[in-house]
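Residue numbers (the UniProt record's numbering): 1 to 204. Glycine included, every Cβ here is placed at the ideal spot set by N, Cα and C. Only one structure is covered here, and it is reproduced in the block below.
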Amino acid sequence: MHLIRGFGCYSNSRTARQFVWLFEDARNKNIENVLILFGDQLYRMDYMELIQNHIDRNSDIIVLCVPVGESRASDYGLMKINNKTRVIQFWDKPTGAVLEEMRVDTQILGLSQDAALRNPYIASMGVYVFKTDVFLKLLTQVYPTANDFGSEILPSSVKEQNIQAYFFRDYWVDIDTLKSFYEANLALTKEVGLMKCVLAVNMF
């Protein structure tokens with residue numbers, strides 16, 4: 001498993017494309033899957049659970065996701081899934097009528113009725129596992145000029161690829177602003193258990 005972290009002002013697929021040689025080397029060494037992470041989030045997770053789920057479901061791509069409320073829904077890539085958790089629609093940072101169209105019953109993720117009413121959207125966390133062959137094909141052949149997974153590659157791949165959603169059930173916060181970074185640090189001082197989290201923030 002290879003991990004590539006975005007850096008600088010480059011968007012994620014553009015950054016990954018700079019390391020195509022590494023992914024090609026991984027394929028040549030029969031490494032079947034690659035894990036793509038973002039650095040501006042705070043959460044705790046055993047990635048092997050995600051990877052094993054990806055393998056067990058024979059997905060081409062698996063997307064880590066969380067339910068979110070309306071106030072922040074347009075900040076994320078949103079998904080619709082079928083009853084087998086296959087992603088059937090993906091829209092990056094929708095607003096207006098498109099945002100309303102992406103509203104779903106998140107009880108499908110196991111939420112209670114009340115929680116589902118408060119969080120009627122399924123948001124991508126920007127954490128993906130790809131089959132290595134699929135990743136290289138999408139990056140170099142199908143979408144060789146695409147700069148972003150969430151706004152370009154994933155929305156266009158929904159029909160052709162088996163993209164599955166994996167519901168994240170633990171602590172997670174998106175640290176995309178100085179305010180959210182500050183609030184996350186304050187939260188860490190209040191909950192000792194969260195001190196075990198690893199904080200990685202992109203510098204830009």
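Backbone CA spacing between residue i and residue j [nearest angstrom]
i: Asn185; j: Asp75; result: 21 Å
i: Arg27; j: Asp133; result: 7 Å
i: Phe23; j: Phe149; result: 16 Å
i: Ala146; j: Thr140; result: 9 Å
i: Asn53; j: Val127; result: 14 Å
i: Val20; j: Phe90; result: 25 Å
i: Pro94; j: Gln161; result: 22 Å
i: residue 215; j: Asn83; result: The structure shown does not extend to residue 215, since the chain is modelled only from 1 through 204, so no value can be given for it.
i: Ile153; j: Gly77; result: 12 Å
i: Lys179; j: Glu70; result: 19 Å
i: Ile122; j: Thr85; result: 11 Å
i: Ile55; j: Leu117; result: 32 Å
i: Asp46; j: Tyr166; result: 13 Å
Cβ-based burial, residue i [other Cβ within 10 Å; buried from 16]
i: Asp114; result: exposed
i: Thr31; result: For the sequence presented, residue 31 should be read as Ile rather than Thr. Ile31 should be labelled exposed.
i: Ser124; result: buried
i: Thr189; result: exposed
i: Asp174; result: buried
i: Pro67; result: buried
i: Met48; result: exposed
i: Val98; result: exposed
i: residue 210; result: Nothing in the structure corresponds to residue 210, since the chain is present only between 1 and 204.
i: Asn119; result: buried
i: Asn33; result: buried
8 Å contact criterion, which residue i and residue j should meet: CB distance rounded
i: Val87; j: Val158; result: 6 Å
i: Phe168; j: Cys65; result: 7 Å
i: Ile61; j: Ile163; result: 5 Å
i: Arg44; j: Tyr171; result: 6 Å
Reduced DSSP category for residue i - H, G, I as helix; E, B as strand; rest coil
i: Lys84; result: coil
i: Gly110; result: coil
i: Asn185; result: helix
i: Ser151; result: helix
i: Asn33; result: strand
i: Tyr47; result: helix
i: Ala73; result: helix
i: Gln164; result: strand
i: Phe23; result: helix
i: Lys131; result: strand
i: Ser59; result: coil
i: Gln18; result: coil
i: Val68; result: strand
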